[in-house]
Every structure is written in structure tokens, then in C-alpha cells.
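Here the structure is laid out as C-alpha cells; the discussion comes afterwards.
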Amino acid sequence: MGDHSGYRTGAERVEVLERILGENEKVARANRAAFDAAGVTVVNLMSAPGAGKTTLLVETLRRLAPHRRIGVIEGDIETSLDADRLDGFGASIALVNTGDGFGGECHLDAPMVASALPRLPLAALDLVIIENVGNLVCPAEFTVGEDRRAMVFAVTEGEEKPLKYPVMFRSADLVLVNKTDLLPHLDFDVEAFRRNLDAVHPGVAVLAVSARTGAGVNAWCDWLADHAGACGATPARR
-17 MGDHSGYRTG AERVEVLERI LGENEKVARA NRAAFDAAGV TVVNLMSAPG AGKTTLLVET
43 LRRLAPHRRI GVIEGDIETS LDADRLDGFG ASIALVNTGD GFGGECHLDA PMVASALPRL
103 PLAALDLVII ENVGNLVCPA EFTVGEDRRA MVFAVTEGEE KPLKYPVMFR SADLVLVNKT
163 DLLPHLDFDV EAFRRNLDAV HPGVAVLAVS ARTGAGVNAW CDWLADHAGA CGATPARR
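Note that the numbering used here has the sequence shown beginning at -17, numbered continuously upward.
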């Protein structure tokens, strides 16, 4: 076992965390009220770094943006690289760099999301997708006012990840198993992954996708239609 004697785990630390989370919940409720007032559905998309969130979003916008009015809140510690990749696909995009005035946090919290709202035309949108900062721990701990949570898991990460990062997998309404086109080249045990996922979140919805090839992305868009109010087959709400 490691030596954790340097960490302060007493009542003072607990009180600080409670204050932080309490303030976050207050702002999350305000965000939720703003989304509700605008009639906007919000999905918080989370994953580890490199799992393929941005590539999945590109394919999602290709399919949905012609029919739905979509906004994206793009979270990154630094740079606009992912936001730049999404530009030109028909979505309104608001970038939040957590390194710019937010302490370089490894997640988006409710105040950070609130800072992006004035830069989105909420009243003219149907769906907002929040691309959270790549991290398998902290994003799951902070509600931001979303309706649903989806996480992207790449098969290159290993089938043990649900057991090692249970909070993230438990928080998701949907787990998108991405990069399935690589399965023939990996030793990834699909059945072991499903057993591990079931051990921490029994019955959670799972979709197999390849954001690179587009396989399964239509099913993800159908999930948005069924569970998050988006639809790629009908005209946008006016």
C-alpha cells in the first residue's frame, strides 16, 4: 500500500469539498433553468483522453445538424483544436478552456458551463452537447445542468476500466464502446468488459460504434432522438 500520510482527509477537507459541490449544484440548477426556459435538451459527453469524443461529434453533426439546431460546449484545458475540428458542420460552438481563469481543471463544472451560455443562441437551439474534458474521474462528479450523460469508451483502454473507474461508468445513461474497427487487431475481451460493466452499472445501455468508419453512429443518433429530444429525420422545432 502507498503512503497517504501527506493527504489531509479530515473534517476540514470534507467541508471544503462539500462547499465546492454545494456551490456547483446551485449553479447547475440555474443552468438547468436556463435550458428549460429555452426548451433545449442537454447531453454531457464524457470520456478518457483520446477515446474519440470529437470524432464522434463530427459524425453526429454530419447526420443531425441538417435537421436539428445544435450547440456544442467544447471543454479543453488548453487550445481550440477540438473546437476547430467541429467548426463548419452547422453547430454553434462555445469553447471553454479551463486553463483560462478556471485553474486548469480536468473537468467542466457548472460555473464553467454557465460561462459558455451567453455565447450560445439557446433560444434558437434544440440540442446542446457538452464535450467534457477528457478524464475518467472528475467529470462524473460534477453535474452541470444536463438532461443525460453519455460516455465514450475506447476498446484500446482495456476491459478492466469499469472496475477501476466505477464512478464514471455508474454516472452514464449510455456507454458508447468506440473504435470497434480495431477489435480484430486487439486482445480486447468484449465479454469480460460487459461483465465488468454490469458489475458496476447493471443494465446500462451500451452501443458499439466506430466513429472513424461511422458504424453504429446512426444508433447513437437514434438514442439522442429517443432519450434526449433530438431527431435527425424531422425538421427542427421553430
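Even for Gly, the Cβ is constructed at its ideal location relative to N, Cα and C.
So, are the CB atoms of residue i and residue j less than 8 Å apart?
i, j, result
"Ile75", "Ala65", "yes"
"Ala30", "Val54", "no"
"Met28", "Ala122", "yes"
"Ala154", "Arg131", "yes"
"Val172", "Met133", "no"
"Val126", "Asn26", "yes"
"Val110", "Val199", "no"
"Gly57", "Val115", "yes"
"Phe71", "Ala47", "yes"
"Ala98", "Phe124", "no"
"Leu145", "Val182", "yes"
"Tyr147", "Leu118", "yes"
Since residue i sits in a beta bridge, which residues does DSSP pair it with?
i, result
"Ile111", "Val25 and Val54"
"Asn79", "Asp58"
"Met133", "Met28 and Val157"
"Ala187", "Leu156"
Would you give the residue range spanned by the alpha helix (DSSP H) that residue i belongs to?
i, result
"Phe175", "Val172 to Val182"
"Val199", "Val199 to His209"
"Pro103", "Unbroken run through Pro103: none, as it is neither H nor E."
"Ser97", "Ala92 to Ala98"
"Pro144", "Lys143 to Lys146"
Looking at C-alpha atoms only, which residue of the options is the closest neighbour of residue i?
i, options, result
"Thr80", "Glu113, Arg14, Gly32 and Arg131", "Glu113"
"Val191", "Gly32, Ser97, Leu38 and Leu102", "Leu38"
"Pro100", "Phe17, Ile2, Arg194 and Ala207", "Phe17"
"Pro184", "Arg152, Ser62 and Leu206", "Arg152"
"Glu7", "Thr42, Arg67, Val95 and Leu102", "Val95"
"Asp163", "Ala197, Ser62 and Leu118", "Ala197"
"Gly32", "His49, Leu77, Ala201 and Arg194", "Arg194"
"Leu102", "Asn117, Glu139 and Leu77", "Leu77"
"Thr138", "Glu128, Lys161, Leu68 and Asp129", "Lys161"
"Gly34", "Gly4, Glu5 and Arg67", "Arg67"
Any C-beta of chain B sitting closer than 8 Å to the C-beta of residue i?
i, result
"Lys143", "This model lacks chain B altogether, as it is built from one protein chain only."
Quick check on the DSSP output: what are the complete alpha helix (DSSP H) runs of length 4 or more inside the stretch 41 to 76, in order along the chain? 63 to 68
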